[in-house]
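Those protein sequence lines, which keep their order, are chains A and B. Every letter in the first sequence is one number past the one before it in the numbering used here, and letter 73, counting from 1, is 85. Every letter in the second sequence is one number past the one before it in the numbering used here, and letter 92, counting from 1, is 722. Virtual Cβ for every residue (Gly too), placed ideally from N, Cα, C. Here's the structure, in structure tokens; my notes come after.
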Amino acid sequence: AQSVTQLGSHVSVSEGALVLLRCNYSSSVPPYLFWYVQYPNQGLQLLLKYTTGATLVKGINGFEAEFKKSETSFHLTKPSAHMSDAAEYFCAVSAFSGGATNKLIFGTGTLLAVQP
Amino acid sequence: NAGVTQTPKFRVLKTGQSMTLLCAQDMNHEYMYWYRQDPGMGLRLIHYSVGEGTTAKGEVPDGYNVSRLKKQNFLLGLESAAPSQTSVYFCASLTPGATRVQYFGPGTRLTVT
Numbered sequence: 013a014q015s016v017t018q019l020g021s022h023v024s025v026s027e028g029a030l031v032l033l034r035c036n037y038s039s040s041v042p043p044y045l046f047w048y049v050q051y052p053n054q055g056l057q058l059l060l061k062y063t064t065g066a067t068l069v070k071g072i073n074g075f076e077a078e079f080k081k082s083e084t085s086f087h088l089t090k091p092s093a094h095m096s097d098a099a100e101y102f103c104a105v106s107a108f109s110g111g112a113t114n115k116l117i118f119g120t121g122t123l124l125a126v127q128p
Numbered sequence: 631n632a633g634v635t636q637t638p639k640f641r642v643l644k645t646g647q648s649m650t651l652l653c654a655q656d657m658n659h660e661y662m663y664w665y666r667q668d669p670g671m672g673l674r675l676i677h678y679s680v681g682e683g684t685t686a687k688g689e690v691p692d693g694y695n696v697s698r699l700k701k702q703n704f705l706l707g708l709e710s711a712a713p714s715q716t717s718v719y720f721c722a723s724l725t726p727g728a729t730r731v732q733y734f735g736p737g738t739r740l741t742v743t
């Protein structure tokens, strides 16, 4: 079975500071990993994804994440936070299994606050 | 392309009432999903469909039914609403392939009193 753990339900940073949102996964097969962002009262928007190949993945809005198999982690970072980054961020894993359902397993989310 | 759309955006029900949430996608995607989002619990899969005429249970299916009569539409029904079904409901779709990216609708906020 697959699972995702996001450490820290709330993270607060100052504008211009480094953003680090943590995600650890559990999967018995090679995982596909995703970060989604949800702005207030909106749906989920894909930030970035890891499928195969390069372990450092770049996404939209200056975010990136690194897949580390040995640590079963896929942490999200951004060098300099902007006020517009305030949102809830979800890490998810999709692991192929019999039936080809492509189901996503989500973490519980991290709410990012950016202080001026 | 409108992508994934959901109807209605908001709804208030009384306990015991029934309703249907509609999800429509114009991307010709094979797979469609219904999730519910509750504070501190992330998104949990209710039901999903891997093609027209097929549906399957997800993680939290109790109290819900679904139908996929047309490829572009995926309906979620509540036969007898309960306060525990107060939630935000999201629909998503994808086409299986290398990326496995799910595209989400804007959500339906449902309150059951």
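Spatial neighbours of residue i within its chain, please: C-beta separation below 6 angstroms, excluding the five flanking residues on both sides.
i	result
A/F46	K61 and A104
A/E83	none
B/V718	Q667, G737 and R739
A/G74	K90
B/N695	G707
B/F640	R739
A/E100	Q50, G121 and L123
A/Q54	none
Residues in the same chain with beta-carbon distance under 7 angstroms from residue i, minus the five sequence neighbours each way, listed in chain order, please.
i	result
A/E27	A93, H94, M95, V126, Q127 and P128
A/N114	S106
A/L32	H87 and T89
Report yes or no: is there a C-beta of chain B within less than 8 angstroms of the C-beta of residue i?
i	result
A/T122	no
A/Q54	yes
A/F86	no
A/G119	yes
A/S15	no
A/S24	no
A/L45	no
A/T63	yes
Which partner residues does residue i have in the DSSP bridge list?
i	result
B/D668	B/G672
B/L708	B/M649
A/A98	In DSSP, A/A98 forms no bridge with anything.
B/T741	B/V642
A/Q18	A/C35
A/S85	A/N36 and A/K80
B/N631	Beta-bridge pairing links B/N631 to no other residue.
B/Q732	Answer by DSSP bridge pairing: none, since B/Q732 is not bridged.
A/V41	None, per the DSSP bridge assignment.
B/A722	B/Y663 and B/F734
Is DSSP giving residue i helix, strand or coil here?
i	result
B/S714	helix
A/S92	coil
A/T120	coil
A/S24	strand
A/A29	coil
B/M662	strand
B/Q702	coil
B/V680	strand
B/N695	strand
A/K115	coil
A/V126	strand
A/A13	coil
B/V690	coil
Within 8 angstroms (strictly less), CB to CB, does residue i reach chain A?
i	result
B/F640	no
B/V731	yes
B/L673	yes
B/L724	yes
B/F704	no
B/G670	yes
B/G735	yes
B/Y719	no
Looking only at its chain, what residues have a beta carbon closer than 8 angstroms to the beta carbon of residue i, apart from the 5 residues adjacent to it on each side?
i	result
B/T605	This structure gives no information on residue 605 of chain B, because the portion of chain B shown stretches from 631 to 743.
B/Q702	A654, Q655, D656 and N658
A/E76	L60, L68, V69, K70, L88, T89 and K90
A/G119	V16, T17, Q18, C35, F102, C103 and A104
B/N631	D656 and M657
(request) For the segment 44–76 of chain A, list the beta strand (DSSP E) runs that are entirely contained and at least 3 residues long, ordered along the chain. (result) 44–50, 56–62 and 68–70
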